[in-house]
Amino acid sequence: MTVKLTRERVVAINAAAWEYWRWNANQAEDWTRGYLARRGLRGLQAGYAPEGWARLVGRMRGRGYSPDELVAAGLAFRTEAGGVGDVFRDRMVLPYRDETGAIIGFTARRNPAADDVDDAPAKYLNTTTTLAFDKSRDLYGIDPAAVRRIQAGARVVVVEGALDVEAIRRTGSPVVPLSGCGTALTATHLERVRAIHADAVALAVFAFDADPAGQAAAVRAWDLLTDDEAGTAGALVLPDGTDPAQLIQDGHGQALAERLAQPQSLVSVVVDVVLARHDLTTVEGRINSLRAAAALVARIADVPLSRVGTQLHARLAPHTDLGVIAGELAIAAAAARGTT
Numbered sequence: 001m002t003v004k005l006t007r008e009r010v011v012a013i014n015a016a017a018w019e020y021w022r023w024n025a026n027q028a029e030d031w032t033r034g035y036l037a038r039r040g041l042r043g044l045q046a047g048y049a050p051e052g053w054a055r056l057v058g059r060m061r062g063r064g065y066s067p068d069e070l071v072a073a074g075l076a077f078r079t080e081a082g083g084v085g086d087v088f089r090d091r092m093v094l095p096y097r098d099e100t101g102a103i104i105g106f107t108a109r110r111n112p113a114a115d116d117v118d119d120a121p122a123k124y125l126n127t128t129t130t131l132a133f134d135k136s137r138d139l140y141g142i143d144p145a146a147v148r149r150i151q152a153g154a155r156v157v158v159v160e161g162a163l164d165v166e167a168i169r170r171t172g173s174p175v176v177p178l179s180g181c182g183t184a185l186t187a188t189h190l191e192r193v194r195a196i197h198a199d200a201v202a203l204a205v206f207a208f209d210a211d212p213a214g215q216a217a218a219v220r221a222w223d224l225l226t227d228d229e230a231g232t233a234g235a236l237v238l239p240d241g242t243d244p245a246q247l248i249q250d251g252h253g254q255a256l257a258e259r260l261a262q263p264q265s266l267v268s269v270v271v272d273v274v275l276a277r278h279d280l281t282t283v284e285g286r287i288n289s290l291r292a293a294a295a296l297v298a299r300i301a302d303v304p305l306s307r308v309g310t311q312l313h314a315r316l317a318p319h320t321d322l323g324v325i326a327g328e329l330a331i332a333a334a335a336a337r338g339t340t
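Shown next, in the form of structure tokens:
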């Protein structure tokens, strides 16, 4: 039977489930404490969803929540035969919160013992869409303290996963890390941040891996920004196979904090991505790369554009004159404004 829940009922179900998972995190079968200690995140308040087909369902039934309500809240699923099982089984659970601190959803990591197993379940699962939670809108790391800090001018850092958020928090850096937990950044995510502070996205830093997927994510983030934001947003480019959580695990928290204090500009990263698509050893490649970069960054303001010109000259010199670069940038900017 399909039931319709109010947002308040979903939040109440989430709170009761979190209480149960937090209790389980102190039981003998829990592996999450050891895992977090190895990741350099000892003491993080995580929950543990135990093994078993329907242990949460059984527990919540005793608390007055029906299996159908758990299905509607995204914490259980119904089989074709009519049975009901837990969505999260043998997983470390972390809560998404809203601006009031209410738990609106969860992200959950599988047992690392299954990481090298064929046909292992997904490494991370998020709560399905409910009246309280939408992965294309909500960001892990938002809570009352984060909101206050963003409103006071703290810089937002957008990272890949929940443990990256927790890792950056451990550095003591005066930033507010947020994550879509594996969900690609959306315009709605950014609207959520702007709703907290109008200039928060303009000041934000976007963290990416240096691999092709990270490069694609950098361009995608760039495309979602307003023209003004595109000229001022920052970027944190991490070495291949490295993320903030890994840096903390390896004891490089201070180095991470230093990189957060002096991020690159996002526009410089996007320009590098464009240049990497062309063969800069040929005249044709240099011309095409220059025009592609100029067209991409034409929408930003003049001051950042001057920095782009310097960057392009450094990459294309001695074969391409700075005056030629400035000319291409000016042509592209005029075209973007609809002038000649």
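Quick note on full-length UniProt numbering: the sequence shown kicks off at 1 and runs consecutively. Here a beta-carbon is modelled for each residue, glycine too, at the ideal position from N, C-alpha and C. Every value quoted in this text rests on a predicted model; they were computed, and no experiment measured them.
Environment of residue i [buried if 16+ CB atoms lie within 10 Å]
| i | result |
| --- | --- |
| T232 | buried |
| T226 | exposed |
| P263 | buried |
| S265 | buried |
| K135 | buried |
| S306 | exposed |
| G323 | exposed |
| G215 | Checking the sequence, you will find Gln at residue 215 rather than Gly. It is buried - the Cβ of Q215 has at least 16 other Cβ atoms within 10 Å. |
| R192 | buried |
| T100 | exposed |
| V267 | buried |
| Q151 | exposed |
| A213 | exposed |
| T6 | exposed |
| R259 | buried |
| A25 | buried |
| V117 | exposed |
| G180 | buried |
Nearest residue (CA-CA) to residue i, options the options
| i | options | result |
| --- | --- | --- |
| Y96 | W222, L70, L163 and R59 | L163 |
| T2 | A73, A12, R89 and W21 | A73 |
| A167 | I150, L185, L247 and R91 | L247 |
| A17 | G64, D116 and R169 | G64 |
| A184 | N111, A37 and A218 | A218 |
| G105 | E8, G251 and D116 | E8 |
| G85 | A76, R91, V93 and M92 | A76 |
| R286 | A301, R259 and R315 | R315 |
| T281 | I300, T320 and R137 | T320 |
| W31 | R59, A54, V11 and A113 | A113 |
| A230 | V147, R59 and A301 | A301 |
| D211 | L238, L5, R220 and N26 | L238 |
| A198 | C181, V147 and D240 | V147 |
| W222 | A122, V269 and K4 | V269 |
| I196 | R169, R220 and G153 | G153 |
| A132 | H313, H252 and V11 | V11 |
| R137 | A295, G182 and D209 | G182 |
| residue 346 | S289, I331 and N288 | Nothing about residue 346 can be read from this structure; the chain reaches only from 1 to 340. |
| G251 | Q27, L41, G338 and R33 | L41 |
Inter-residue spacing [alpha-carbon to alpha-carbon] between residue i and residue j
| i | j | result |
| --- | --- | --- |
| R291 | L329 | 8 Å |
| R194 | A235 | 18 Å |
| P318 | I325 | 12 Å |
| E80 | H278 | 52 Å |
| N14 | G83 | 21 Å |
| V165 | P244 | 8 Å |
| R22 | D228 | 43 Å |
| R109 | V176 | 22 Å |
| A335 | E284 | 22 Å |
| V271 | V308 | 8 Å |
| A49 | P174 | 32 Å |
| residue 342 | R59 | Absent from the structure is residue 342, since the part of the chain shown begins at 1 and ends at 340. |
| R91 | A276 | 39 Å |
| A120 | A333 | 50 Å |
| A261 | T310 | 23 Å |
| P144 | V201 | 18 Å |
| G241 | Y35 | 19 Å |
| V87 | A37 | 26 Å |
Presumed contact (8 Å Cβ cut-off) between residue i and residue j, rounded CB distance
| i | j | result |
| --- | --- | --- |
| L56 | Y20 | 6 Å |
| G141 | L190 | No, G141 and L190 are not in contact; Cβ-Cβ is about 14 Å, not under 8 Å. |
| A139 | A187 | Going by the sequence as given, residue 139 is Leu instead of Ala. Between A187 and L139 the Cβ distance is about 13 Å, and since that is not below 8 Å, they are no contact. |
| G62 | R89 | That pair is no contact at about 19 Å. |
| L256 | T171 | 5 Å |
| R39 | Q249 | 5 Å |
| L312 | A293 | 6 Å |
Chain C contact for residue i (CB, 7 Å cutoff)
| i | result |
| --- | --- |
| A298 | Among the chains of the structure shown, chain C does not appear; only one protein chain is present. |
beta-carbon residue i near the ligand ZN non-hydrogen atom, thresh 6 Å
| i | result |
| --- | --- |
| I168 | Among the components of this structure there are no ligands whatsoever, and the ligand ZN is therefore not found. |
Counting Cβ pairs closer than 8 Å, one from the stretch 201 to 208 and one from the stretch 157 to 174, do we hit at least three?
-> Yes, since at least three Cβ pairs between the stretch 201 to 208 and the stretch 157 to 174 fall closer than 8 Å, the two stretches touch.
Count the CB pairs spanning the stretch 35 to 47 and the stretch 114 to 127 that are closer than 8 Å, and state whether there are at least three.
-> no
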